[in-house]
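Heads up, our numbering is the position in the sequence shown plus 99, with the first residue counted as 1. By construction, the Cβ of each residue, glycine as well, lies at the ideal position given by its N, Cα and C atoms. The structure presented is a predicted model; accordingly, all values stated were derived computationally and were not measured. The structure under discussion appears below in the form of structure tokens.
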Amino acid sequence: MHFTRSASLIAMLAAAGCGGGGHNGFFAATPATPAPVVTTPAPTLAEKCATFAGQALGGGATVEDAQVVAAAGAQPEYCVVHAKLDGSTLRFEARMPTSGWNGKIAFLGGGGFDGAMPVATDPQFSESILTERYATLGTNGGYDYPGARGLDYFKAAFALNPEQLADFTYRSEHRALPPGKALVASFFGTPASRSYFEGCSMGGHDALMQAQRYPEDFDGIVARAPAGNIMGLFMQFNRISKRVRTPANSLDAAKQALLANAVLAQCDGLDGASDGIISRPGACHYDPAPLRCAAGADTGDDCLSDAQIGTVDAVTSSIASADGKWTHPGYNPGAENTAKGWGEYIWPSAAFGGNSVQGLFSDGFVRSFITQDPNYDTLTWNYDDWLPRMGVVGGMFEAFDPNLAPLNARGAKLILWNGTTDSSVSPRDTERYYDNVVGALGQAKADQTVELFMAPGVGHCYGGPGPDKVDLLKAMATWVEQGTPASAQSLVHRKVDASGATTATRPLCKYPAYPRYKGSGDMNDAASFACSTS
Ligand SMILES: [Ca+2]
100 MHFTRSASLI AMLAAAGCGG GGHNGFFAAT PATPAPVVTT PAPTLAEKCA
150 TFAGQALGGG ATVEDAQVVA AAGAQPEYCV VHAKLDGSTL RFEARMPTSG
200 WNGKIAFLGG GGFDGAMPVA TDPQFSESIL TERYATLGTN GGYDYPGARG
250 LDYFKAAFAL NPEQLADFTY RSEHRALPPG KALVASFFGT PASRSYFEGC
300 SMGGHDALMQ AQRYPEDFDG IVARAPAGNI MGLFMQFNRI SKRVRTPANS
350 LDAAKQALLA NAVLAQCDGL DGASDGIISR PGACHYDPAP LRCAAGADTG
400 DDCLSDAQIG TVDAVTSSIA SADGKWTHPG YNPGAENTAK GWGEYIWPSA
450 AFGGNSVQGL FSDGFVRSFI TQDPNYDTLT WNYDDWLPRM GVVGGMFEAF
500 DPNLAPLNAR GAKLILWNGT TDSSVSPRDT ERYYDNVVGA LGQAKADQTV
550 ELFMAPGVGH CYGGPGPDKV DLLKAMATWV EQGTPASAQS LVHRKVDASG
600 ATTATRPLCK YPAYPRYKGS GDMNDAASFA CSTS
């Protein structure tokens, strides 16, 4: 359509030029007039969008479709392009604003077992992706999960396919980045000046994979609730879910509240504020023994049986495989009775056939990644019987390598972030990873490259009693482009209500510091807190 319009415009301009030439032609001695300069107006980006359909991109990918999508909410009008890696089921999506592009790429990490394109409007992503008009890229993780996500989604059948397993576990973003960059450069007529990556959960895992295995790919990487210790995570998921699937081992709502209140009574005030937010989980050292029922039997909702205490111990304690290669540190106590605490991943639900979200995910992992038997009885699984296969899968999937020297040498940056009541990606694991990086690089080099911020009272990726919103991509861009580390930007976590209004703020404290109440002032105001390590 736009070519037709341009062509008619050229015809009009040419006609006007001929008229002028006619006047000049009246004087015979006049030197030959140069041909009139006719410029074809460049198509607008919106007009350009559809021309990409069917195009081959550098990097072995072909565009499937391209169309303009009207602005909606925070999302400005954009050109959406879907492309497929040739000979593969790996696909990626680009969303490129049709005006006001900031010249940069934000690559979005997916979530769960992937199978769909991540979108920047999801609440785990930084708001500046849309407000500052990044071009976004994201992949399907190597395969498309068809239709709505039912329980079959968690079976992760794709992992039985070696190519899809490789794409999902470590390489989908790395493969999609070159054609994605080529597409962005072609669309805007200039390459992106910077490329950033942001993801949460499995997207956080992917963020760590980029930082460790492909340090040349991105200028800055934001890893929220990063499931880098993915092998240990699934071992712990299986361990806990095996227990809670036996009803006598699980805690009903009243017992969950009993436990949560006992934990708060011991640990809430350790940060100076009795506000329902445990900001020093590492100092909590909670022991459920005082809640034990008489003789350890289940005698009612005012106590825990030995089996139930065993479950609390399983959730909060560490495990390790016999070869010492795969470990998990357990989860923090706190928020045992809320959806964005232990409720989200740990407790079983009738809606899941008596299974938990941890159980659904780990069943898929055990059956499709490890045993490669869709009917394997996951209640009998013992990781120590599968160490060779754990080694093969972990060699692709684990993203817990603390050697960030290549990232440091490039001058690229990594921001780590985790909620303290996350019951999927353990906050202890993210702290441990940071500590390991400091151990590998030394504090001075680590400080050039990585910072960790814990979000007290925040669950998996967002939500929970604690303030949870912070634009870490903006913080990253400021660090990379202006040299000011995130920890020197006076950042705050915000809690927002349904209308988007801020109802509470807390300072972001660079780990190992936490926000400590000064003893006076509004507990909903960040100014009433100071970052402290004691
Ligand atoms: Ca507190």
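The count of Cβ pairs closer than 8 Å, one atom from the segment 227 to 239 and one from the segment 251 to 259, stays below three, leaving the stretches out of contact. The criterion of a C-beta distance shorter than 9 Å is not satisfied by R323 and W441.
Secondary structure of F206 (DSSP, three-state): strand. Around the beta-carbon of L189, 16 or more other beta-carbon atoms lie within 10 Å, marking it buried.
For Q223, the secondary structure class from DSSP, reduced to helix, strand or coil, is coil. Under DSSP, C630 takes part in a beta bridge, and its partners are P614. In the structure shown, Q154 falls within a coil segment according to DSSP collapsed to helix, strand and coil.
Residue state for A603 is assigned as strand, using DSSP reduced to three classes.
Taking every protein chain shown into account, the CB of H384 has fewer than 16 other CB atoms within 10 angstroms, so this residue is exposed. If you keep only unbroken beta strand (DSSP E) runs of at least 3 residues inside the segment 166 to 213, you get 177 to 184, 190 to 196 and 203 to 207. Measuring C-alpha to C-alpha distances from G302 to each of G208, D367, V343 and N623 identifies G208 as the nearest. Counting only unbroken stretches of 3 or more residues, the beta strand (DSSP E) elements lying wholly within the segment 245 to 323 are 293 to 300, in sequence order. Each residue's CA atom was taken as its position, placing G368 and K594 some 20 Å apart. Unbroken alpha helix (DSSP H) runs of no fewer than 4 residues, entirely contained in the segment 338 to 400, are found at 352 to 366, following chain order.
Annotation: L540 is outside any beta strand (DSSP E); the continuous alpha helix (DSSP H) that includes it extends over P526 to L540. DSSP places K147 in the helix class (H, G or I) of the three-state scheme. The beta carbon of F212 sits closer than 6 Å to those of A255, all from its chain and outside the five residues before and after it, given in chain order. Counting other Cβ atoms within 10 Å of its Cβ, F451 stays below 16 and is therefore classed as exposed. Taking the C-beta atoms as reference points, V283 is found nearer than 9 Å to I204. The Cβ-Cβ distance between P380 and G331 does not fall below 9 Å.
The closest CA to that of G556, considering only R312, L403, D370 and K573, is found on D370.
Burial is judged here by how many other beta carbons sit within 10 angstroms of a residue's own beta carbon; L506 has at least 16 and is buried.
With respect to F206, V180 sits apart: the two C-beta atoms are not nearer than 9 Å. Taking non-hydrogen atoms of ligand 1 into account, the C-beta of G368 is found less than 8 Å away from one of them.
In chain order, G331, M334, Q335, R338, T426, H427 and G429 place their CB closer than 8 Å to the CB of I418, counting only its own chain and leaving out the 5 sequence neighbours on each side.
Straight through space, the alpha carbons of S627 and V491 are spaced by roughly 50 Å. C-alpha of D596 to C-alpha of T235: approximately 27 Å in a straight line.
Comparing C-alpha distances from P346 to each of A149, V536, G157 and G409 shows the shortest one belongs to G409. DSSP places E550 inside the beta strand (DSSP E), whose first and last residues are V549 to A554. A straight-line Cα-Cα distance of about 10 Å links L276 and G157. In this structure, G319 and A511 form a Cβ contact; the two beta carbons are roughly 6 Å apart against a cut-off of 8 Å.
Partner residues in a beta bridge of I408, as assigned by DSSP, do not exist.
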